[in-house]
Amino acid sequence: MSSDRDALLAAIRANSEDDTPRLVFADWLDENGDAARAEFIRSQCEFARVVAEDGNSYAMYAFLRDRYSVGLTATDWPRIDSGVHRLATLAKRSEELLRQHENRWVPKVPKKYEVEIDEFDRGFPRRVQLNSLQNLPKVVDWIRATLPAVTLKADRLTGRVVEQLADTGLLDRIDSLELTNESASGLREFGNRPEAARVRTIKVQGGDAEEIASALADSPHFTGLQTLDISAPHISATAAETLFRAKSLRTLRRLHLCGSESWRGNWTVDTARTLAAGEFTNLASVRFEHAGLGDDAVEILAACPDFARLRTFDLTGNHITGRGVTNLLCSPHLASLVNLCLDENPCNGLDPERLAAAPPAALRMLHFHGSRLRTADVRALARSPRVRTLWYLDIDDNNLSTTSVRALVRGLGTWCPPVLWLAYNRIDDSGAKVLAKWKAASALSALHLKYNPPMTEAGVRTLLDSPNLANLSALCVSASGEAEARLRERFKHPDGY
């Protein structure tokens, strides 16, 4: 039996990107009394396949997982989107199985090797952090005999470390890098070696973004890269344009460049033009946070035909006003867009006529948290056919009053998104009555109204008593006393967080 097991594991290591050997091993585990591990492998393989497709459901799931994980369980996703529900179910079950069996499934590493191993992918551990290079040859032999593929987690990856890893034969097992702080020299050395073609994901936190960008752009062998995620204090226009000109990076499907909130960004129209000319035709997810993008730059991006596959576009913390937002929402090239995030932009000044003419498309999630919307903007949004496909609308923290709620309800009319965020505004008890009387609100699964100081216990009771809100799986309001008790009795997550 052990020889069969060894042969199956060897096949997995030899074909680490192919699910078939893993699923064959899962069948063998079922036949040999390890149903839990078999289920774990199948669940993670199914999850990974959906992720690789970059489809609509995954775009929504990824946002919820990263920004509002409680929403995956507090909201009735089976009623809203079966794909999101399936992903959440697979992830939850995998986590449960791992909690129960982690001690048995994580391979035991000799302490003298000073190696940390965590995170599983498609049923097998994969993330490795080397805390010492003293026993590197023996460590690498152990890794190659144990792990199908490796995510290397490293702080301050240097060229010398990469040389040592190459000398011991580990580079051809690495398909993902998670790096912190100054890592440009390590990336440059790695990218000059043919093993870099195997790398699919690079995530970097900290360091000099311009040096990192230069190292990646100058490296000829990162030709299979699918995910590039750089978070740094300052991601300048120079760094971005260097990446956008790199022909070797045109395989990217996910491009995330996130500056810090204290960095106002200096990206320009030329930065946008460089990206639009870069022939990045495979992009499914783009995040440009705190980059300094304005309306003119966004107009260029909205007109880019290469963005036809884009599912997620996160532009948090830029300088986009209503003109730029209107161009994004009306763009025919963004008809496949599922998730558009415009949090922390000065988005007021939407064009109601253009939005009224924008046809429905694929949009499911729209975020305007802290985006300075006014009642006229809410009215323009609500009357636009483009939002009629939404399942999740966030207009939190816009200083909106009951007047804005009336504009929203009148504009949406007989239609309502299943998830509606109106927290951190100035909605009072009259606004609660407007929502409670809205017949279309029967489609709501989650309604978020926390932190609206003018709303009293009377307003909360109005919401709780409304027959139009009887289908809610989550009602999130600021409450105390009897209203709070009713919330806790009725909802699994009464505070919504």
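With the sequence shown counted from 1, adding 303 to any position gets you the working numbering. C-beta atoms are modelled at their ideal positions from N, C-alpha and C, and glycine is treated no differently.
Which residues bound the beta strand (DSSP E) around Leu578?
First-last for Leu578: Val572 to Ala579, but that is the alpha helix (DSSP H), not the beta strand (DSSP E).
Is it the case that the region 312–319 contacts the region 386–403, given that we only count it when at least three CB pairs across the two stretches are under 8 Å?
Too few Cβ pairs lie closer than 8 Å, so no.
Through-space distance from Phe423 to Glu398, alpha-carbon basis
When rounded, the distance between both Cα atoms is 10 Å.
Pull up the DSSP beta-bridge partners for Pro428, would you.
According to DSSP, which records beta bridges pairwise, Pro428 is partnered with Phe423.
Under 7 Å between C-beta atoms of Gln529 and Arg503
Yes, they are a contact pair.
Mapping the DSSP letters down to three states, classify Arg463 as helix, strand or coil.
Secondary structure of Arg463 (DSSP, three-state): helix.
To the nearest angstrom, how far is it from the Cα of Lys415 to the Cα of Gly374?
Lys415 and Gly374 have their C-alpha atoms some 43 Å from each other.
Buried/exposed call for Gln347, threshold 16 Cβ in 10 Å:
Counting the other Cβ atoms within 10 Å of the Cβ of Gln347 gives 16 or more, which makes it buried.
Measure how close the beta-carbons of Leu703 and Leu669 come, nearest whole angstrom, since I'm counting them as under 8 Å.
In fact, because the Cβ distance is near 15 Å, the residues do not count as touching under 8 Å.
Cα separation between Asn648 and Arg675?
Taking C-alpha positions only, Asn648 is separated from Arg675 by approximately 7 Å.
Ile538 beta carbon less than 7 Å from that of Leu560:
If you check the CB distance, Leu560 and Ile538 come in under 7 Å.
I'd like to check one pair, Thr705 with Pro663: are the Cβ atoms closer than 7 Å?
Taking a C-beta distance under 7 Å as the contact criterion, Pro663 and Thr705 do not qualify as a contact pair.
Coil, strand or helix - Tyr754 by DSSP
Of the three classes helix, strand and coil, the one that applies to Tyr754 here is coil, per DSSP.
Could you say which of Asn406, Val418, Phe350 and Arg396 lies nearest to Gly386 if we only look at CA atoms?
Checking every option, the nearest Cα to that of Gly386 belongs to Phe350.
Glu485 to Pro720 span [Cα, whole Å]:
One C-alpha to the other measures close to 44 Å.
On the CB-based measure, 16 or more other CB atoms within 10 Å of its CB, does Pro451 come out buried or exposed?
Around the CB of Pro451, 16 or more other CB atoms lie within 10 Å, so the residue is classed as buried.
Nearest to Thr449 by alpha carbon, out of Leu473, Leu723 and Arg657?
Per the Cα distances, Leu473.
Between Leu766 and the ligand NAP, is there a pair consisting of the residue's CB and a ligand heavy atom that are separated by less than 6 Å?
Absence of the ligand NAP is noted for the structure shown, with no ligands found whatsoever.
Status (buried if at least 16 other CB within 10 Å, exposed otherwise) for Asp599
Exposed, because fewer than 16 other Cβ atoms sit within 10 Å of the Cβ of Asp599.
If we count the other Cβ atoms within 10 Å of its Cβ and call it buried at 16 or more, is Ile756 buried or exposed?
Per the sequence presented here, residue 756 reads as Pro, with Ile not at that position. With fewer than 16 other Cβ atoms within 10 Å, it is exposed.
Let's test the definition: count the other Cβ atoms within 10 Å of the Cβ of Glu544 and tell me whether it reaches 16, buried, or not, exposed.
Buried, because 16 or more other Cβ atoms sit within 10 Å of the Cβ of Glu544.
Hey, Ala710 and Val681: beta-carbon distance below 7 Å or not?
The answer is yes: Cβ separation under 7 Å.
Please state whether DSSP places Ala267 in a helix, a strand or coil.
Outside the shown range of the chain, which is 304 to 800, sits residue 267, and nothing can be said about it.
On a Cα-Cα basis, can you pick out the residue from Arg325, Ser776 and Val780 that is closest to Pro381?
Comparing Cα-Cα distances from Pro381 to each of Arg325, Ser776 and Val780, the minimum goes to Ser776.
Sub-7 Å separation of Ala499 and Phe525 beta-carbons
Using a Cβ distance threshold of 7 Å, Ala499 and Phe525 count as a contacting pair.
Sequence-distant residues of its chain with Cβ nearer than 6 Å to Cys644 (five each side left out)
Correct list, in chain order: Asp617, Thr619 and His670.
Can you give the Cα-Cα distance for Asn569 and Ser319, rounded to whole angstroms?
Looking at the two C-alpha atoms, the distance is approximately 41 Å.
Between which two residues does the beta strand (DSSP E) harbouring Arg557 extend?
For Arg557, the enclosing beta strand (DSSP E) begins and ends at Arg557 to Cys561.
Taking Ile477 as part of the alpha helix (DSSP H), name the residues at either end of that continuous run.
No alpha helix (DSSP H) holds Ile477; the beta strand (DSSP E) holding it covers Ile477 to Thr483.
DSSP on Trp694, reduced to helix/strand/coil?
Assigned with DSSP and collapsed to three states, Trp694 falls in coil, not helix or strand.
Span separating the alpha-carbon of Pro413 from that of Arg345:
Roughly 29 Å between the two C-alpha positions.
Just reading off the beta strand (DSSP E) that Ile533 is part of, what are its end residues?
Note, Ile533: beta strand (DSSP E), Thr530 to Ser534.
Proximity of Ser737 and Val763 at Cβ, strictly below 7 Å
Sequence check: residue 737 is Val here, not Ser. One thing to note: Val737 has its Cβ no nearer than 7 Å to the Cβ of Val763.
Look at Leu715 and Ser687 and say whether their C-beta atoms are less than 7 Å apart.
Not in contact: Leu715 and Ser687 (Cβ atoms no closer than 7 Å).
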